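Take a look at the structure below.
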Amino acid sequence: MLKIYFVELAWGFGRFSDVHEFEKPNDEQALKLMNSCAVAVLEEFEDIHFAYGVSDEYSFVLKRESELYQRQSSKIISAIASLFTSTYVIRWGDFFPHKELKYPPSFDGRAVCYPTYKILLDYLAWRQVDCHINNQYNTCFWMLVKSGKTKTQSQDYLKGTQTREKNELLSSQFGIEYNTLPLIFRMGSSVFRSKEAVAVKNGVVVSGKKPKREGEVVVDHCNIIERGFWEEHPHILSYS
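Heads up: the sequence shown at position 77 corresponds to 77 in the UniProt record's numbering, and the numbers run straight through without jumps.
And the structure:
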């Protein structure tokens, strides 16, 4: 397993979000809690150089030369998943001060190997494409449900619709312009260490704020499908 990118995917809950009455289609506080947990993982494990999160899942990318736990996948999975889960429980009250944690979440983990830089970027791009597809569908679906349709009726209504048709539905029936929805919903969240001092607020990259120190673990909601992001941040991953 030497010289191979190592991605660990932690994902968690379906019933959990229903029991805790997360806002549909997106609960921004729940997403920010997930991001906070991912930041904690990067701060704990220096060999993790990048993470990408959407909904209830997070992918963590270790540097190619990592010798973390002698590259034993079972130990890496256990360490990341357990830290992520425990941080989620500890920080619940920070993001949901008026909502009781009725039972602890459960995050599973798996390890996937990607042998080249290009294949790794293809994987990450796929996750962001999936983020957009799912978010657009779920936004339409839940707006239809909230307007009075049953879940089955909403599914039937959306069956076979394309991107343009979904955008028109949101705009004409609900006054929602999809491209103006928060980036955290449309782009997901990228977590990495800044090479230069950047302006952040609550760990998220922003403009017009006083820069923090180089190497700060930050959260950004950016386009990682286009190569421009990786060309601007070559320190995150190796090109070899």
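The beta-carbon is built from N, C-alpha and C at its ideal position, and this holds for glycine as well.
Only a predicted model underlies this, so the values are computations on that prediction, with no experimental measurement involved.
In whole angstroms, give me the CA-to-CA distance for residue i and residue j.
{"i": "T85", "j": "C37", "result": "8 Å"}
{"i": "P182", "j": "C131", "result": "13 Å"}
{"i": "W11", "j": "E168", "result": "32 Å"}
{"i": "H233", "j": "Y157", "result": "42 Å"}
{"i": "E165", "j": "R186", "result": "17 Å"}
{"i": "F16", "j": "E28", "result": "16 Å"}
{"i": "S106", "j": "G14", "result": "10 Å"}
{"i": "I224", "j": "L124", "result": "7 Å"}
{"i": "N26", "j": "R64", "result": "34 Å"}
{"i": "G215", "j": "S194", "result": "5 Å"}
{"i": "G208", "j": "I76", "result": "In this prediction, G208 scores a pLDDT of 47, lower than 50, which makes its location untrustworthy; the coordinate-derived value is nonetheless stated afterwards. Roughly 38 Å between the two C-alpha positions."}
{"i": "D108", "j": "G188", "result": "20 Å"}
{"i": "K99", "j": "A111", "result": "33 Å"}
{"i": "D18", "j": "Y178", "result": "25 Å"}
{"i": "S147", "j": "V54", "result": "26 Å"}
{"i": "L83", "j": "F192", "result": "17 Å"}
{"i": "T150", "j": "T139", "result": "15 Å"}
{"i": "N35", "j": "S73", "result": "23 Å"}
{"i": "Q173", "j": "I119", "result": "40 Å"}
{"i": "P211", "j": "L144", "result": "Unreliable positioning characterises P211 in this predicted model, as indicated by a pLDDT of 47, which lies under 50. The coordinate reading is nonetheless provided below. Roughly 42 Å separates the two Cα atoms."}
{"i": "Q153", "j": "D47", "result": "47 Å"}
{"i": "A81", "j": "E57", "result": "11 Å"}
{"i": "E43", "j": "V217", "result": "7 Å"}
{"i": "G175", "j": "Y103", "result": "37 Å"}
{"i": "P115", "j": "Q128", "result": "20 Å"}
{"i": "H235", "j": "V39", "result": "18 Å"}
{"i": "Q162", "j": "T180", "result": "19 Å"}
{"i": "H221", "j": "N135", "result": "14 Å"}
For the alpha helix (DSSP H) containing residue i, name the first residue and the last one.
{"i": "F229", "result": "G228 to E232"}
{"i": "V22", "result": "As written in the sequence, residue 22 is Phe, which differs from the Val given in the question. From DSSP, F22 is part of no alpha helix (DSSP H); its letter is neither H nor E."}
{"i": "L62", "result": "It is not in any alpha helix (DSSP H) - L62 instead sits in the beta strand (DSSP E) that spans E57 to L62."}
{"i": "S66", "result": "Careful: S66 lies outside any alpha helix (DSSP H) and carries neither H nor E."}
{"i": "T152", "result": "K151 to L158"}
{"i": "D122", "result": "Y117 to K146"}
{"i": "L101", "result": "Per DSSP, L101 belongs to no alpha helix (DSSP H) and is neither H nor E."}
{"i": "F174", "result": "T163 to F174"}
{"i": "E44", "result": "E28 to E44"}
{"i": "L183", "result": "L183 to R186"}
Can you tell me where the beta strand (DSSP E) holding residue i begins and where it ends?
{"i": "C113", "result": "D108 to Y114"}
{"i": "Y88", "result": "Per DSSP, Y88 belongs to no beta strand (DSSP E); it is in the alpha helix (DSSP H), S73 to F95."}
{"i": "F6", "result": "Y5 to W11"}
Identify every residue that forms a DSSP beta bridge with residue i.
{"i": "V191", "result": "A51 and V219"}
Taking 8 Å as the threshold (C-beta atoms), are residue j and residue i in contact?
{"i": "C113", "j": "F6", "result": "yes"}
{"i": "Y52", "j": "S190", "result": "yes"}
{"i": "F22", "j": "V41", "result": "no"}
{"i": "I184", "j": "L31", "result": "yes"}
{"i": "Y117", "j": "L237", "result": "yes"}
{"i": "L126", "j": "K24", "result": "Inspection of the sequence shows that residue 126 is occupied by Trp rather than by Leu. No, they are not a contact pair."}
{"i": "L62", "j": "W230", "result": "no"}
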